[in-house]
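Accompanying notes for the structure given below.
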Ligand code: SF4
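Protein chains in written order, with the working numbering: chain U, 501 to 980; chain Z, 3 to 186.
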């Protein structure tokens, strides 16, 4: 609540991010910031309303949480359902088609974030004129760059279409496998353009690196703080965005947990409920809510893994780690650099997969002994994503638990908002739009997806009044 | 002559319909020759700058804030279009309509949920005044304001959006072939 001598600033909606959020900043009479929060203002209720649905429907249903990375939900649900149908090892064709889908998704999502959403801040400055501080402004001033962004996103979307059947909300992954392979014609179409894509990836990485290095004085303290980091890694410690076990490290790189099986995720992670946001706050159970929160996403993944198994991205990772002498990097703005390392990695992975004849195999689905419960983890573009279901003997879902990537970054994003508000807004006499955009720049670094973070259903009870344009009351309803 | 203006918003939607707009790919560069963007999540214009020619609505209404934004769009837009099944009939989020809110609420936030235990020492669910009140169910946009056109799909194919926009901007009838009108 705002008391008499307090002022409140609201940034609503937070723009150039996916989904629905708002920021509130409370100021005292001297314009000192007393509180700054990112609120997630929407809810969906997926965990409840998928109960009773047939399990095979879930991979196509839950992706409607988030249209920006539907593939992540589609695949994570399919992986959990693999456990349910007892498909412990997929056929090479199924596994590789799904991986291609996933790297295509990461490719388009990272390109979209960098070129369409974040680049206006980096190219024009955090407080540039609102009229140009968007992708259309970028297209006018840097047409080549805008075209690259559009074409890279298109390439990733076409890969999703070829593997999932549709660019948004596809149907390719099914419990136990996949429903199509990649034709030679499709493959050749992608191979034709991959070298151009790789060239553009290198260019985008260079922009991110040069920007960070040239502006280090400004970006190093910007919304930054030490934190734990979490992601899945392969058994040998390599970065793997599609499959692996959980690892968390502290701010200095010491391992907190390592190689935790996805089925045991709920033994190491707990979610906290706070009254002012529909999005929960997860933490590592053994450290508790105060100390156990962590970052996820590109920065966390590059920090957590021991190495990257593609040569160019590994070179780029080494250069990135050298800046902090091999210790984890804790700068909020370093997310952009890390994200472009992953863009390059996705490009390399796509190329590797396209050249693999397994994609033309036609052994697509396996089955095994049916189970009643299954959990899965995938590294979505925005971070670690958890799906967990129970299914009864009628094939109906009886329990669903989803921890979406952005949820794990809830505490970090709030800290970044607080820090930027303290550093840039507190005590300033005239608070301009450009200053407020600083807050959003910090949120955007995390590339949050606020629509999929809001799957949980909220507040009760309530009275609703429905009015027409003239303000006439059409309908009033109460839930209690 | 000034270019026509386009505004977009996402209410109770997943942003997939906005992504479908971006799936017109390089035609987006042609689109910005035909129109100027006004209030939209793709730029930082947070309030309407004035009257707008076309408004695109993604998602239905699940809370009071959605209703407010939708009414604001109706007030400012000459032509208002529902894009996607969420806007047209509530879509997947409307699957909660048959379930008592309290149950959805318990499953998300209370220690008695079926899923893994949450940490909620005070036992309260999110109830801050900053959070908009939920509606009792998810409403299609056309039950709240007058909608001029509906473009179905989850999301509508990029070509559907493109064809419809170009037809409107060039004063031609919107004629969509059968393949462009579908859910999946
Ligand atoms: S219609 Fe489909 S794509 Fe569009 S917002 Fe709704 S769920 Fe997302």
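We put the CB at the ideal spot given by N, CA and C, even for glycine.
In the DSSP annotation of this structure, residue 724 of chain U is not part of any beta strand (DSSP E), being labelled neither H nor E.
Checking the 7 Å criterion, the Cβ of residue 669 of chain U is within range of a heavy atom belonging to the ligand SF4. Closer than 8 Å to the CB of residue 70 of chain Z there is not a single CB belonging to chain U.
Distances from the alpha-carbon of residue 57 of chain Z to those of Z:143, Z:133, Z:27 put Z:143 closest. Segment contact: the region 699 to 709 of chain U against the region 918 to 930 of chain U, fewer than three CB-CB distances shorter than 8 Å; contact not assigned.
In this structure, the ligand SF4 has a non-hydrogen atom nearer than 7 Å to the beta-carbon of residue 19 of chain Z. Listed in chain order, the positions of the region 16 to 35 of chain Z with a beta carbon within less than 8 Å of a beta carbon of chain U are 16, 17, 18, 19, 20, 21, 22, 24, 25, 27, 28, 30, 31, 34. Annotation: the region 810 to 886 of chain U contains the following complete segments of the alpha helix (DSSP H) (minimum length 4 residues), in chain order: 811 to 822, 834 to 854.
Distance from the C-beta of residue 569 of chain U to the nearest heavy atom of the ligand SF4 is not below 7 Å. Taken in chain order, the complete alpha helix (DSSP H) segments of 4 residues or longer contained in the region 532 to 565 of chain U are 546 to 549, 558 to 561.
The closest heavy atom of the ligand SF4 lies less than 7 Å from the beta carbon of residue 87 of chain Z. Placement of the Cβ of residue 881 of chain U at a distance of 7 Å or more from every heavy atom of the ligand SF4 is found.
Of the residues Z:175, Z:85, Z:20, the one whose Cα lies closest to the Cα of residue 155 of chain Z is Z:85. Any Cβ of chain Z closer than 8 Å to the Cβ of residue 731 of chain U would place that residue at the interface, and such an atom is absent.
Comparing C-alpha distances from residue 809 of chain U to each of U:836, U:548, U:846, U:820 shows the shortest one belongs to U:846. Judged by the Cβ position, residue 15 of chain Z qualifies as a neighbour of the ligand SF4 at the 7 Å threshold, a heavy atom of the ligand being closer than this. Between residue 60 of chain Z and residue 96 of chain Z, the C-beta gap is not smaller than 8 Å, which leaves the two residues out of contact. Taking 7 Å as the cut-off, the C-beta of residue 542 of chain U does not count as close to any heavy atom of the ligand SF4. At a cut-off of 8 Å, the C-beta of residue 642 of chain U has no neighbouring C-beta in chain Z. Contact between residue 30 of chain Z and residue 163 of chain Z fails: their C-beta atoms lie close to 11 Å from each other, not under 8 Å.
The closest heavy atom of the ligand SF4 lies 7 Å or more from the beta carbon of residue 57 of chain Z.
Non-local C-beta neighbours of residue 37 of chain Z in its own chain, meaning closer than 6 Å and more than five positions away in sequence, comprise 5, 6, 8, ordered along the chain. Under the 8 Å criterion on CB atoms, residue 143 of chain Z is classed as non-interfacial with respect to chain U. At a cut-off of 8 Å between C-beta atoms, residue 179 of chain Z does not count as an interface residue with respect to chain U. Bounds of any beta strand (DSSP E) do not take in residue 604 of chain U; it lies within the alpha helix (DSSP H) bounded by 592 to 611. In terms of CA proximity to residue 530 of chain U, U:931 leads the group U:771, U:698, U:937, U:931. In the structure shown, the three-state DSSP call for residue 163 of chain Z is helix.
Distance check between residue 75 of chain Z and each of Z:105, Z:41, Z:103 places Z:41 closest, using alpha-carbon atoms only. With a threshold of 16 other beta carbon atoms within 10 Å, residue 771 of chain U meets it and is buried.
Around the beta carbon of residue 907 of chain U, a 10 Å sphere encloses 16 or more other beta carbons of the protein chains shown; the residue is thus reported as buried. Residue side-chain check: residue 139 of chain Z keeps its Cβ at 7 Å or more from all non-hydrogen atoms of the ligand SF4.
DSSP places residue 68 of chain Z in the helix class (H, G or I) of the three-state scheme.
If you draw a straight line from the Cα of residue 944 of chain U to the Cα of residue 617 of chain U, it comes to about 8 Å. Contact check between the region 591 to 611 of chain U and the region 838 to 858 of chain U: three or more CB pairs, one atom from each, fall below 8 Å, which counts as touching.
The closest CA to that of residue 547 of chain U, considering only Z:147, Z:145, Z:109, is found on Z:109.
Exclusion of the five residues before and after residue 761 of chain U leaves 745 as the residues of its chain whose Cβ lies within less than 7 Å of its Cβ.
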